[in-house]
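Student: Residue numbers (our numbering): 46 to 203.
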């Protein structure tokens with residue numbers, strides 16, 4: 046597989062520069078970081094949440110875990126829960142299961158971004174499959190997420 050079609054179209058529509066980095070097959074964003082020889086804190090991972098109002102995507106560093114309390118505080122939505130991986134195929138039909146690109150806005154999903162990611166010089170994220178990462182510089186990443194709310198959404202792994 047290659048970059049998800051919807052993601053590719055969105056990146057091109059937003060006029061951001063990016064490169065694709067191939068790596069051996071992985072199952073998680075943390076594994077992708079290791080396989081691509083990049084730091085986990087430079088890899089943006091997506092976590093899809095849902096409540097009765099709909100979906101919210103939280104984007105945090107692969108080196109961290111999601112602070113649901115922070116998401117609740119930021120959104121005012123206290124019933125958000127993680128969407129099960131087996132449900133993602135119908136929401137992201139152009140992506141391999143579990144290789145969720147963190148660009149929710151390409152799929153019409155409200156997206157929150159961890160403020161720590163805006164300070165990275167280079168960012169990587171899943172391209173929609175388990176063998177490629179999108180690479181872009183910090184200013185391009187910040188341009189891509191300019192319309193999204195930014196907050197401290199993550200905490201270090203316990």
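Here a beta-carbon is modelled for each residue, glycine too, at the ideal position from N, C-alpha and C.
Closest to residue 109 by C-alpha separation, out of 62, 79, 159, 121, would be which residue?
Tutor: In the chain shown, counting from the first residue as 1, residue 109 sits at position 64. Looking at the Cα atoms, 159 is the closest of the given residues.
Student: Does the beta-carbon of residue 90 have 16 or more other beta-carbons within 10 angstroms, so that it is buried, or is it exposed?
Tutor: For this step, residue 90 is matched to residue 45 along the chain shown. With 16 or more Cβ atoms within 10 Å of its Cβ, residue 90 is classed as buried.
Student: Starting from the Cα of residue 187, find the closest Cα among 85, 177, 157 and give me that residue.
Tutor: Counted from its first residue, the chain shown places residue 187 at position 142. That would be 157, whose Cα lies nearest to the Cα of residue 187.
Student: Under 6 Å Cβ to Cβ from residue 150, same chain only, skipping five residues before and after it: list those, please.
Tutor: Within the chain shown, the letter at position 105 stands for residue 150. 156, listed in sequence order.
Student: Specify, as a first and last residue, the run of the alpha helix (DSSP H) that residue 58 falls within.
Tutor: Walking along the chain shown from the start, residue 58 turns up at place 13. Residue 58 -> alpha helix (DSSP H) spans 50-58.
Student: To the nearest angstrom, how far is it from the Cα of residue 113 to the Cα of residue 129?
Tutor: The count along the chain shown starts at 1 and reaches residue 113 at position 68. The count along the chain shown starts at 1 and reaches residue 129 at position 84. The straight-line gap from Cα to Cα measures roughly 16 Å.
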